[in-house]
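When the letters of the sequence shown are read in order and numbered with UniProt numbering, they come out as residues 1 to 404. Glycine included, every Cβ here is placed at the ideal spot set by N, Cα and C.
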Amino acid sequence: MVKIEPFEVEQWMDRLETTPGVLNIAETCAASVSYDDLLRMCEDKNMPSPLLFSKKLTYGAIRGSAALRQRVASLFDRASDAEPLPADNIIITQGAISANFLLFYTLVGPGDHVICVYPTYQQLYSVPQSLGAEVSLWRLKDTNGYVPDVSELEGLVRSNTKMIVINNPNNPMGSTIPKAVLQDIVAFAKQRGIIILSDEVYSPLYHSLPPGQEAPPSILALGYEKTVATGSMSKAFALAGIRTGWIGSRDKAIIDAVATARDYTTISVSQLDDQVATYALSTPVLGPLLKRNMALAQTNLGLLSAFMGKYASVCSWVKPTAGTTALVLFKENGVPVDDPSFVLDLLDKTKVLFMPASPCFGLGKDFRGFIRLGYVCETEVLLEGLEKLGRYIEEHLMANPENQ
Ligand SMILES: Cc1ncc(COP(=O)(O)O)c(C=O)c1O
């Protein structure tokens, strides 16, 4: 029997997010949109409705419709002058979670070594471990803005290193790996024939980069064949409910190998989901959808930054540059709070929901006192949540004059 660690963040979310009256500032999707919202956003009023009601609901195209795979492929051409990625180098999955799982299941096993950035979405290191691979964590440091330090790869790599796993933008830090660093990772991996898996589920939400820094391209645009990227409609495209994700690779053999494994788990994805995703990624819808989500992220990050300034005596962070999440350290009397108790007490007293980072993203005693916020919710929810959090902080963490 395969042994796998419980997936902490998913279990914490599942347990708490349906609390009646919850103010959910833990969700990592840009505030979800409805089917009606998509229709309203569409800039071409002559576009036919996405759902083809008379189309028979067969399994459809096994790897995903040609139209959807073409639109996903063109997402990878962003911010680069690399060769366009062919649609055949894309396979559609049930969310990025299935995409990541299938990749590990297909490519990694006993005898293999995997290097994975940390912290990140737990799946990215727990699944390869459960499949018998040895995993080394590539620790992200606040002193480096939570950008991986490529000089550390030399000390992590082994003769059997099969894969380097990165997450750009990062969950939970909301940090960005810039193009130059991606190029260095590629150069390192290419020299040794190591596969790079880049979980790009929060791409292209590079909404708050410092002036002069450009949004990085996908890992697939850097001229190395053994690169794989995963993504989905859930986060940057605000459509988690259609459970549509993908794998793209410059190496068609990887896509074919994944397809062989996928036959045992998926056959095909829902034809209705495929149609909605295809519509959402069409030019007249994609433009306004991304514009909305970028603006929402920027507005909400501005509000959160103001809050962080006001309560700087008890909370600190490395301000995110991308994605939908931020990691904030809360202290009481100069000591990190017990983050799981803090989250549960805050929820109980105010209905504001965050995720505690130490169980969800930390191993051992890592990230004690840190809380992950998902701040790209509806702005009214964030405003109400921050107001309640502020009052809670004043009553509980700032009661001691030393903290004021
Ligand atoms: C880094 C990362 N990858 C993958 C996923 C899975 O997302 P989905 O299956 O909805 O695409 C998540 C969800 O939180 C995530 O944060």
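| request: Kindly provide the ranges of any beta strand (DSSP E) runs that are 3 or more residues long and lie completely inside the region 368-393, ordered along the chain. | output: 370-374
| task | Determine the direct distance from the alpha carbon of residue 311 to that of residue 262, and round the result to whole angstroms. | result | 48 Å
| Cα separation between residue 146 and residue 170? | 9 Å
| query | Candidates 304, 143, 3, 92: which alpha carbon is nearest residue 372's? | reply | 304
| task | State yes or no: is the beta carbon of residue 16 nearer than 9 Å to at least one beta carbon in chain B? | result | Among the chains of the structure shown, chain B does not appear; only one protein chain is present.
| message | Please give the ranges of any alpha helix (DSSP H) in the region 110-140, keeping only runs that are unbroken, at least 4 residues long and fully inside the region. | response | 123-130
| request: Tell me where the beta strand (DSSP E) around residue 330 begins and ends. | output: Element bounds for residue 330: 325-332.
| said: Whether or not the region 319-329 and the region 289-307 are in contact is what I'm after, with contact meaning three or more pairs of Cβ atoms, one per stretch, closer than 8 Å; do they touch? | reply: They touch, by the three-pair rule.
| task | For residue 234, verify whether its CB is less than 8 Å away from any heavy atom of ligand 1. | result | Using a cutoff of 8 Å, the CB of residue 234 counts as near ligand 1, since one of the ligand's heavy atoms is closer than that.
| said: Taking the straight line between their C-alpha atoms, what separation do you get for residue 389 and residue 352? | reply: 7 Å
| Is residue 391 near residue 350, with beta carbons less than 9 Å apart? | yes
| request: Determine the direct distance from the alpha carbon of residue 381 to that of residue 328, and round the result to whole angstroms. | output: 18 Å
| query | First and last residue of the beta strand (DSSP E) that includes residue 163? | reply | 161-167
| query | Hey, out of 125, 102, 172, 48, whose CA is closest to residue 260's CA? | reply | 102
| task | Leaving aside the five residues before and after residue 196 along the sequence, list all residues of the same chain whose C-beta is less than 6 Å from its C-beta, in chain order. | result | 164, 189, 219, 227
| message | If contacts are defined as beta-carbon pairs under 8 Å, then residue 445 and residue 247 qualify, I think. What distance do you get, rounded to the angstrom? | response | Residue 445 falls outside the range modelled here, since the chain spans only 1 to 404, and no answer is possible.
| Taking the runs of the alpha helix (DSSP H) that are 4 residues or longer, which of them lie wholly in the region 20-95? | Runs of the alpha helix (DSSP H) inside the region 20-95: 35-41, 66-75.
| said: For a test of the three-state rule: what should DSSP assign to residue 312, helix, strand or coil? | reply: Reduced to three states, the DSSP call for residue 312 is coil.
| Beta-bridge pairing of residue 199 - partner residues as DSSP gives them | 167, 230
| field | Contact belief for residue 285 with residue 13 at Cβ below 8 Å, rounded distance in angstroms | value | With 8 Å as the limit, residue 285 and residue 13 do not qualify as a contact, their Cβ atoms being about 28 Å apart.
| query | Mind checking residue 20: buried by the 16 CB within 10 Å criterion, or exposed? | reply | exposed
| Going by Cα to Cα distance, which pick from 239, 105, 70 is closest to residue 127? | Nearest to residue 127 by alpha-carbon distance, out of 239, 105, 70, is 105.
| message | Let's test the definition: count the other Cβ atoms within 10 Å of the Cβ of residue 253 and tell me whether it reaches 16, buried, or not, exposed. | response | exposed
| Selected residue, minimal CA-CA separation from residue 221, among 306, 272, 33, 83 | 83
| task | Use the C-beta contact count for residue 9: other C-beta atoms within 10 angstroms, 16 or more gives buried, fewer gives exposed. | result | buried
| For residue 372, is the beta carbon positioned less than 8 Å from some heavy atom of ligand 1? | no
| Any non-hydrogen atom of ligand 2 within 8 Å of residue 100 CB | What this structure holds is ligand 1, not ligand 2.
| request: Could you name the residues that DSSP lists as bridge partners for residue 336? | output: 331
| task | Quick one: using the 10 Å Cβ neighbour count with 16 as the cut-off for buried, is residue 15 buried or exposed? | result | exposed
| Does the beta-carbon of residue 140 have 16 or more other beta-carbons within 10 angstroms, so that it is buried, or is it exposed? | buried
| said: Taking the straight line between their C-alpha atoms, what separation do you get for residue 49 and residue 39? | reply: 8 Å
| field | Cβ distance (whole Å) where residue 331 is taken to contact residue 369 below 8 Å | value | Yes, they are in contact, since the Cβ atoms of residue 331 and residue 369 sit about 6 Å apart, within 8 Å.
| field | Distance cut-off 8 Å: residue 67 Cβ against heavy atoms of ligand 1 | value | no
| query | Per DSSP, what kind of secondary structure is residue 249 in: helix, strand or coil? | reply | Residue 249 carries a strand assignment under DSSP once its states are collapsed to helix, strand and coil.
| Local conformation of residue 493 per DSSP, three classes | Here the chain comprises residues numbered 1 to 404, so residue 493 is not present and cannot be evaluated.
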